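What follows is one structure encoded as structure tokens, with my remarks underneath.
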Amino acid sequence: MEYTAAQSGFRQQHNMRLRNSSMDGSDGSQLFDDTSATGPGAQGVYRNQQAGPQAAGGLPGQSLLSDPMSNLAMAYGSSLASQGREMVDKNLDRFIPVSKLKYYFAVDTVYVGKKLGILVFPYMHENWEVSYQQDIPVAPRFDVNAPDLYIPTMGFITYILVAGLALGTQNRFSPELLGVQASSALVWLIMEVLAVLLSLYLVTVNTDLTTIDLLAFSGYKYVGMILGVVAGLLFGKLAYYLSLLWCCAAIFVLMIRTLRLKLLSEAAAEGKLVRGARNQLRMYLTMSIAAAQPVFMYWLTYHLVR
Amino acid sequence: MVCLRDKTSFASMAFTLYTLIQTAILCTNAIAVLHEERFLSKIGWGVDQGVGGFGDDPGVKAQILNLIRSVRTVMRVPLIIVNSACIILLLLFG
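First to last, the protein sequences are chains A and B. First residue of the first sequence: 1, per the UniProt record's numbering; consecutive thereafter. First residue of the second sequence: 1, per the UniProt record's numbering; consecutive thereafter.
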């Protein structure tokens, strides 16, 4: 122990001497190459380079690794870090269901392509049911009808970027406007999901729609919004209105066909006319959720295309 | 000056997360303030008037009454804390 300490002390002195000598040649610290100086500066740089790594590697390394107190401190710190990480993982799983979120991001390119096609043109799609596998819904990778969070997340981010682009073409852009757009779109999304949750509670629908499912369904309208704004930027206001109308109709049909299977009772979902106040209420609920989507799509994009 | 004018065009759009929190606090306060015997019973929304139909269909009115009652019961103490914090913050920082 004392031998290594003495040795490190010796090396420290040696490094100190080296550092002092190289410092006379050029200014600047050990760790950076001073390539601006030429001539005798170059030699100083060369010496600097030699002394630099040696000093940087030698001096802290020696003192850190050989000192028993810092050994103890490092061991304690690493155990504390791993304990902290365990605690964070445990508590994070309580607040945000990470494993459930992973299900929503299990997508692949084929699924994304097909889903985007259905979002824009849902009229040819025949089978809207989500297939189950032993009571667990199948991952989106294997079933086109399953909701996912990848498309809504990417759509949201793309919407903010396209909004920035649209504002820039009208010379109205400033960086904080991007933040304003993002936070207001997020607030509208949260309020819409909360309103749908409240109405689902009031109508006492026994459904297996989770909050994240609702978030996914509400996020699908960003695709239509992006298409509308891009068309408006490229071809003018008429193209914006036409493409927005098309996408609104598509989202309306998509929501009705998807929610009908989840919210209404079996018989009503198959198309038979079932009388009764409860089914009527559920039908109204489905229609209003689907009708809210075009309203939001117009509300969030009309100020971008002028 | 141009940005000022355009920012007012965003006036209806400038929702921040803070506005959402404010809205939530105000709505919860509004629900918690409804008094049971002075107001709700007078308009037929009392606790005893909600639970009518047993079975699997409580109905919208019963659900609303349940919601009001549970918000009043559950959120009374947290609302006191949150409102006091809001008042102090608004007094200090405007």
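Here a beta-carbon is modelled for each residue, glycine too, at the ideal position from N, C-alpha and C. Keep in mind that this is a model prediction, so the values were computed, not measured.
Asked, Found
"For residue 83 (chain A), which three-state DSSP category applies?", "helix"
"Thinking C-alpha only, which one of A:188, A:226, A:301 and A:123 is nearest residue 16 (chain B)?", "A:188"
"Quick one: grab the DSSP three-state call for residue 103 (chain A).", "helix"
"Shortest alpha-carbon distance to residue 133 (chain A) belongs to which of A:107, A:193, A:302 and A:146?", "A:146"
"To which residues of the same chain is residue 42 (chain A) closer than 6 Å at the C-beta, ignoring the five residues directly before and after it?", "Low confidence applies to residue 42 (chain A): its pLDDT is 47, below 50, so where it sits in the model is not reliable enough to give any reading."
"Round the Cβ separation of residue 123 (chain A) and residue 253 (chain A) to the nearest angstrom and send it over; I've been treating them as touching at under 8 Å.", "7 Å"
"Residue 132 (chain A) by DSSP, collapsed to three states: which one?", "strand"
"Does the distance from the C-beta atom of residue 220 (chain A) to that of residue 119 (chain A) stay below 8 Å?", "yes"
"With H, G and I counted as helix, E and B as strand and the rest as coil, what does DSSP make of residue 140 (chain A)?", "coil"
"With burial defined as no fewer than 16 other Cβ atoms inside 10 Å of the residue's Cβ, what is the status of residue 183 (chain A): buried or exposed?", "buried"
"Report buried or exposed for residue 258 (chain A), applying the criterion of at least 16 other Cβ atoms within 10 angstroms of its Cβ.", "buried"
"Is residue 27 (chain B) buried or exposed, if buried means 16 or more other CB atoms sit within 10 Å of its CB?", "exposed"
"Any beta carbon from chain B within less than 8 Å of residue 286 (chain A)'s own beta carbon?", "no"
"Could you please give the first and the last residue of the uninterrupted alpha helix (DSSP H) stretch that includes residue 299 (chain A)?", "277 to 301"
"Would you decide whether residue 40 (chain B) is buried or exposed? Buried here means 16 or more other CB atoms lie within 10 Å of its CB.", "buried"
"Which same chain residues end up closer than 8 Å to residue 242 (chain A) when comparing Cβ atoms and leaving out the 5 residues on each side of it in sequence?", "231"
"Out of A:234, A:213 and A:227, point me to the one whose CA is closest to residue 255 (chain A)'s CA.", "A:213"
"State buried or exposed for residue 217 (chain A), treating a residue as buried only when at least 16 other CB atoms are found within 10 Å of its CB.", "buried"
"For residue 23 (chain B), does the count of other Cβ atoms within 10 angstroms reach 16, so buried, or fall short, so exposed?", "exposed"
"I need the DSSP call for residue 214 (chain A), collapsed to helix, strand or coil.", "helix"
"As a quick exercise: from A:250, A:148 and A:126, pick the residue whose alpha carbon is nearest that of residue 109 (chain A).", "A:148"
"So which residues on chain B does residue 187 (chain A) lean against when the C-beta distance must stay under 8 Å?", "15, 16, 17, 19 and 20"
"The segment 152 to 173 of chain A: which residues have C-beta closer than 7 Å to a C-beta of chain B, in chain order?", "172"
"Work out the CA separation of residue 44 (chain B) and residue 224 (chain A) for me, nearest whole Å.", "45 Å"
"Below 8 Å CB to CB, which residues in the same chain sit around residue 76 (chain B) once its five sequence neighbours on both sides are set aside?", "32"
"When the Cα atoms are used, what is the spatial distance from residue 107 (chain A) to residue 81 (chain A)?", "33 Å"
"Please compile the residues from chain B whose C-beta is within a distance smaller than 8 Å of the C-beta of residue 190 (chain A).", "20"
"Between residue 227 (chain A) and residue 91 (chain B), what straight-line distance do the alpha-carbon atoms span, to the nearest angstrom?", "46 Å"
"By how many angstroms is the C-alpha of residue 93 (chain B) removed from the C-alpha of residue 85 (chain B)?", "12 Å"
"Assign residue 284 (chain A) to one of two classes, buried (16 or more other C-beta atoms within 10 Å of its C-beta) or exposed (fewer than that).", "exposed"
"Can you list the residues of chain A that residue 64 (chain B) reaches, using a CB-CB cut of under 7 Å?", "202"
"Where does residue 243 (chain A) fall in DSSP's three states?", "helix"
"Please state the DSSP three-state secondary structure of residue 41 (chain B).", "coil"
"Roughly how many angstroms lie between the CA atoms of residue 76 (chain A) and residue 98 (chain A), to the nearest whole one?", "29 Å"
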